[in-house]
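For reference, the structure discussed in these notes is given below.
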Amino acid sequence: MSAPGFDITSKDAQAMPVEPAEPRAFDYARFADHAAAAEARYAAFLAQREGVAVWQRVRVADVFRDGCRDMAASLRWQLGGLMKSLDYATDAPTYLEPWYGIGVTAGAFGGEYDWPEGQSPVVRPLYQSLAEMPATLTPRPTGESQIMSHALKMIAYFLEETGGRLPMSWSDLQNPINVATELVETSAFFAGFVEAPDEVRRLLAAITDEVIRFTQEQSALIGERLVQPGHGFASARCGRGLGLSSDNLVMLSPRAYKAFCVENDAKIGAAFGGTATHSCGDWARWLPAVKSNPELFMVDAAFTPQTDPNCNDPAAFREAFAGTGVIVHARMVGPADDVLAKARELWGPGMRLIVTTYKQDPAEQHRLYAALRNLAE
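In our numbering, each residue carries its 1-based index in the sequence shown increased by 1474.
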């Protein structure tokens, strides 16, 4: 019998149902004990040159759709997720995230949101060609961008409502190559790699500097509660690096990605203790280019068809990263047997592997956790 594939009827294959929780009713003491134990295991994993860790992710779908518009509702959904996470065995805690769409960095350059019903907000490109861009790409102050201001207000609200007692990541700033297509029409932007390479480099450099600046602004507000590398990655206060969603890398040749993007990835990584690179889809062909980033700390990819219909070959990632010190962060939705089988294909001497699971039944998840941790024994 063939393994189940991707469920095209699901709005979010990685999400699970939770009950919203009120800040005043949240069990902060119980969560603090749970998070401290998980973070200790995370720190032990980071100290090793090889090993396996498991992150049981509790992802709440409403938070990553139009529900992000209401910061009070987002917090209550996320607190429900943190409470649910206490039922599972994990080597990294669930954390709060001031997620407000993926247009935060574009907001610095004039981007504004449209809100399709029931979906995440979107930014319509400001320019139909690179030639339309202003001669100087000067980001607006945070206070002049509704999107960026809202992200900071979410952080402040989350801190106030919870008394600053819970771990929190940054908002989702995205890789400069993703942000660029929110500013310049997508086809025109990618044509520019051939037709106007200097303009492409100018745009990506400006976005890179703003990703660093606004991340630093968020860091100052979040303070000691900050977990890294953040959005979509197993994270902890003892962690490092910044997670960059880099889905548009597959729109370029590996050679072009290395020539135009790796320098920016490395600059961002150097500012925050390393680059953690994510892409959806099958991006094994781009691994040599991504590996050329001297600040690369972690890579994230899907390895089961229930996670992504175009999932990755475990052998390619094992061969690319065994013995390098780079952590492979493997997302795996699906039956426990499928997850364990893929993890066995990924695991080998010299691997640093974090398996991200999404099991809903606690008993099944505990068994899978134990089996995954035993891979390195």
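We treat Cβ as the ideally placed atom computed from N, Cα and C, and that holds for glycine.
Between the Cα of residue i and the Cα atoms of the options, which residue gives the shortest distance?
i: residue 1631; options: 1545, 1801, 1742 and 1846; result: 1545
i: residue 1703; options: 1598, 1795 and 1712; result: 1712
i: residue 1727; options: 1803, 1698, 1758 and 1601; result: 1758
i: residue 1763; options: 1782, 1787, 1734 and 1776; result: 1734
i: residue 1646; options: 1608, 1605, 1594 and 1606; result: 1594
i: residue 1541; options: 1494, 1517, 1505 and 1519; result: 1494
i: residue 1642; options: 1802, 1846, 1570 and 1730; result: 1570
i: residue 1580; options: 1616, 1606, 1605 and 1699; result: 1616
i: residue 1825; options: 1694, 1720 and 1797; result: 1797
i: residue 1745; options: 1619, 1690, 1674 and 1792; result: 1690
i: residue 1700; options: 1756, 1633, 1654 and 1731; result: 1633
i: residue 1591; options: 1769, 1506 and 1539; result: 1539
i: residue 1786; options: 1664, 1755, 1714 and 1553; result: 1755
i: residue 1464; options: 1578, 1480 and 1588; result: Residue 1464 lies beyond the stretch modelled for the chain, which goes from 1475 to 1851, so this question has no answer here.
i: residue 1747; options: 1478, 1820, 1769 and 1729; result: 1769
i: residue 1766; options: 1790, 1795, 1783 and 1670; result: 1795
i: residue 1806; options: 1782, 1800 and 1791; result: 1782
i: residue 1565; options: 1516, 1740 and 1507; result: 1516
i: residue 1621; options: 1596, 1560 and 1637; result: 1596
i: residue 1858; options: 1599, 1506 and 1801; result: Because the chain in this structure spans residues 1475 to 1851, residue 1858 falls outside the shown range and cannot be described.
i: residue 1619; options: 1694, 1589, 1584 and 1671; result: 1584
i: residue 1519; options: 1714, 1810 and 1671; result: 1714
i: residue 1503; options: 1524, 1560 and 1543; result: 1560
i: residue 1514; options: 1490, 1788 and 1710; result: 1710
i: residue 1489; options: 1823, 1789 and 1780; result: 1780
First and last residue of the beta strand (DSSP E) that includes residue i?
i: residue 1576; result: Unbroken run through residue 1576: none, as it is neither H nor E.
i: residue 1718; result: 1716 to 1719
On the DSSP bridge assignment, give the partners of residue i in chain order.
i: residue 1529; result: 1830
i: residue 1702; result: 1710
i: residue 1658; result: 1601
i: residue 1489; result: 1533
i: residue 1825; result: Beta-bridge pairing links residue 1825 to no other residue.
i: residue 1725; result: Its beta-bridge partners do not exist; DSSP assigns none.
If I follow the unbroken alpha helix (DSSP H) through residue i, where does it start and stop?
i: residue 1548; result: 1545 to 1559
i: residue 1677; result: 1671 to 1696
i: residue 1842; result: 1836 to 1847
i: residue 1524; result: Unbroken run through residue 1524: none, as it is neither H nor E.
i: residue 1728; result: 1728 to 1734
i: residue 1513; result: 1502 to 1520
Tell me which same chain residues have a C-beta within less than 6 Å of the C-beta of residue i, skipping the five on either side of it?
i: residue 1692; result: 1644
i: residue 1475; result: Low per-residue confidence applies at residue 1475: pLDDT is 38, beneath 50, and the placement is therefore not dependable, though the value from the model is reported in the following sentence. Same-chain partners within the cutoff: there are none.
i: residue 1609; result: none
i: residue 1572; result: 1625, 1628, 1629 and 1645
i: residue 1722; result: 1651 and 1652
i: residue 1576; result: 1646 and 1648
i: residue 1612; result: none
i: residue 1736; result: 1766 and 1767
i: residue 1800; result: 1770
i: residue 1845; result: 1814
i: residue 1557; result: 1495
i: residue 1486; result: 1535
I'd like the list of long-range same chain contacts for residue i, defined as Cβ closer than 7 Å, with 5 residues on each side in sequence excluded.
i: residue 1742; result: 1682, 1685, 1686, 1716, 1718 and 1749
i: residue 1635; result: 1497 and 1549
i: residue 1555; result: 1492, 1532, 1534 and 1568
i: residue 1509; result: 1567 and 1641
i: residue 1650; result: 1678, 1681, 1682, 1685 and 1738
i: residue 1602; result: 1659 and 1662
i: residue 1720; result: 1649, 1651, 1652, 1751, 1752 and 1753
i: residue 1803; result: 1707, 1708, 1772, 1773, 1774, 1828 and 1830
i: residue 1847; result: 1526 and 1528
i: residue 1725; result: 1664
i: residue 1511; result: none
i: residue 1778; result: 1785, 1806, 1807, 1808, 1812, 1813 and 1816
i: residue 1818; result: 1849
i: residue 1675; result: 1734
Give every residue of the same chain whose Cβ lies closer than 8 Å to the Cβ of residue i, excluding the five residues on either side of it in the sequence, and list them in chain order.
i: residue 1562; result: 1530, 1532, 1833, 1836, 1839, 1840 and 1843
i: residue 1673; result: 1604, 1605, 1607 and 1666
i: residue 1760; result: 1723, 1724, 1728, 1731 and 1753
i: residue 1821; result: 1526, 1792, 1827, 1849 and 1850
i: residue 1623; result: 1616 and 1617
i: residue 1638; result: 1697 and 1699
What alpha helix (DSSP H) runs, 4 residues minimum, are completely inside the region 1740 to 1818? Within the region 1740 to 1818, the complete alpha helix (DSSP H) segments at least 4 residues long are 1761 to 1765 and 1788 to 1795, listed from N- to C-terminus.
Just list the alpha helix (DSSP H) runs in the region 1568 to 1632, keeping only unbroken ones of 4 residues or longer that don't cross its boundaries, in chain order. Within the region 1568 to 1632, the complete alpha helix (DSSP H) runs of at least 4 residues are 1578 to 1581.
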